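Chemist:
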Amino acid sequence: MVSLYIVPTPIGNLGDISARALEVLQQVDLIACEDTRHSGKLLSHFGIETRKTALHDHNERDRAQWIVEQLASGKSIALISDAGTPLISDPGYHLVNHVRQAGYRVVPLPGACAAITALSASGLPSDRFSFEGFLPSKEKARIDKLEMLKEDPRTLIFYESPHRIVYSLRAIAQVLGDDRQVVMAREVTKTFETFLTGTAAEVVAMVEADDNQQKGEIVLMCHGFALSDEEAIPAVAVATLKLLSEELP
Ligand code: SAM
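Under the numbering used here, the first residue of the sequence shown carries the number -12, and numbering increases by one thereafter.
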């Protein structure tokens, strides 16, 4: 059946590509790549010679219609991004939306995603989390965004670039508080994989003191907003305890 396949690729360790991903990339008629040259290296590493076409932020809307026409002519297509899962802070949303509206099947393959991989080893609560992509690059917008998230009880996950990491950590300490638990996962699945953990103030200090921590690819995670023990006890329970304590000898 003619389909658009959404195919994750490794975020560092080439061994993380799945057998099914390789099979699909081999068998489709066309691979839509965020960057054909970048993905060309990965594909030739695995001996895949499938025809490639570019689909990136700047041409995605125009390209989506052309891809629907390819599906209409009976061709199956795979979408890949430079690394990880397409659509996750990567192009593909408009394409998937357009292809679905045109009535064609969209088949997702599971695979590498930096946010989920980092969260799984962070030690932060993973029952509820909010993926926030990249924080804004402008300081005022960055602070405003953090102000909106300040009282969110879920674990917060951000992508960050190495040249902005110090500014973002400082903003997190300023808005979410010096004491907020932070985990910085760097170069996940790669040779220099590092997890820095501590309060926001401690992680800022570690990163400022070591230039090596300002290199590579980074996922930043923050513990969600937590009420103090006192605030967390419901008022009715406090009242009951008070009554009980009055009755006790
Ligand atoms: N689609 C990708 C995914 O599924 O994770 C994310 C693409 S986004 C353009 C790139 C960002 O993901 C990087 O700036 C970094 O924040 C994060 N990232 C990607 N690979 C990573 C890695 N190996 N270690 C830590 N963060 C990574």
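All C-beta atoms in this analysis are idealised placements derived from N, C-alpha and C, irrespective of residue type, glycine included. Here the structure is a predicted model, which means the values were calculated and not measured.
What does the Cβ neighbour count give for F33, buried or exposed, with the cut at 16 atoms within 10 Å?
Modeler: Flag for F33 reads exposed.
Chemist: Taking 8 Å as the limit between beta carbons, can you name the residues of its chain near R50, skipping five residues before and five after?
Modeler: Closer than 8 Å at the Cβ level, and outside the excluded window around R50, lie A19, T40, A41, L42 and L82.
Chemist: Could you tell me which residues DSSP puts in a beta bridge with M171?
Modeler: In the DSSP output, where bridge partners are listed per residue, M171 has L183 and L207.
Chemist: Using alpha carbons as the reference points, say which of A8, S109, K132 and M171 lies closest to L163.
Modeler: That would be K132, whose Cα lies nearest to the Cα of L163.
Chemist: So E10 is in the alpha helix (DSSP H); what residue range does that whole segment cover?
Modeler: First-last of the alpha helix (DSSP H) with E10: A6 to Q14.
Chemist: With hydrogens ignored, establish whether the beta-carbon of G79 is closer than 7 Å to any heavy atom of ligand 1.
Modeler: No, Cβ of G79 sits at least 7 Å from all heavy atoms of ligand 1.
Chemist: Is the closest heavy atom of ligand 1 to the C-beta of R151 under 7 Å?
Modeler: Flag unset: Cβ of R151 not near ligand 1.
Chemist: In the structure shown, what three-state DSSP assignment does A160 receive?
Modeler: A160 falls in the helix class under three-state DSSP.
Chemist: Ends of the beta strand (DSSP E) at G120?
Modeler: Where G120 is concerned, the enclosing beta strand (DSSP E) stretches over F116 to F121.
Chemist: Check each candidate in P73, H150 and V55 and name the one with the smallest Cα separation from P(-3).
Modeler: Checking every option, the nearest Cα to that of P(-3) belongs to P73.
Chemist: Which residue marks the beginning of the alpha helix (DSSP H) containing L29, and which one marks its end?
Modeler: Segment T23 to H32, the alpha helix (DSSP H) holding L29.
Chemist: Which word fits A65, buried or exposed, when buried means at least 16 other C-beta atoms lie within 10 angstroms of its C-beta?
Modeler: Answer is buried; the Cβ neighbour count reaches 16.
Chemist: What are the start and end residues of the alpha helix (DSSP H) that includes I(-2)?
Modeler: Where I(-2) is concerned, there is no enclosing alpha helix (DSSP H), given that its DSSP letter is neither H nor E.
Chemist: Where are the alpha helix (DSSP H) runs, 4 residues long or more, that stay fully inside the region 118 to 155, in chain order?
Modeler: Segments of the alpha helix (DSSP H) lying fully in the region 118 to 155: 126 to 136.
Chemist: In its own chain, which residues sit with a C-beta less than 7 Å from the C-beta of R151, not counting the 5 before and 5 after it?
Modeler: Excluding positions up to five away in sequence, the list reads S124.
Chemist: My assumption, with CB atoms under 8 Å, is that A172 sits in contact with F179. Please give the rounded CB distance.
Modeler: At roughly 12 Å, the Cβ-Cβ gap does not stay under 8 Å, so A172 and F179 are not in contact.
Chemist: Give the range of the alpha helix (DSSP H) segment to which Y(-8) is assigned.
Modeler: No alpha helix (DSSP H) holds Y(-8); the beta strand (DSSP E) holding it covers S(-10) to I(-7).
Chemist: How many Å lie between G110 and L122 at the Cα?
Modeler: Distance between the alpha carbons of G110 and L122 is about 22 Å.
Chemist: Between E56, S68 and S60, which lies nearest to L30 when the distance is taken from Cα to Cα?
Modeler: Answer by Cα proximity: S68.
Chemist: Is K177 helix, strand or coil by DSSP?
Modeler: Correct three-state label for K177: coil.
Chemist: Does the beta-carbon distance from S(-10) to S63 come in below 8 Å?
Modeler: Yes, Cβ-Cβ distance for S(-10) and S63 is below 8 Å.
Chemist: Provide the residue span of the alpha helix (DSSP H) that contains L58, from first to last.
Modeler: First-last of the alpha helix (DSSP H) with L58: E47 to A59.
Chemist: Among the residues of its own chain, which have a CB less than 8 Å from the CB of S113, if the five just before and after it don't count?
Modeler: The residues are L106, S107 and T142.
Chemist: Between G237 and ligand 1, is the CB less than 7 Å from at least one heavy atom?
Modeler: As displayed, the chain neither begins before -12 nor continues past 236, which places residue 237 out of reach and without an answer.
Chemist: Between S155 and L58, what straight-line distance do the alpha-carbon atoms span, to the nearest angstrom?
Modeler: Using only the alpha carbons, I get a separation of about 42 Å.
Chemist: What's the gap between the Cα of V86 and the Cα of E10?
Modeler: Near 22 Å, if we compare the C-alpha coordinates of E10 and V86.
Chemist: Would you mind reading off the limits of the alpha helix (DSSP H) that contains A101?
Modeler: Residues A101 to S107.
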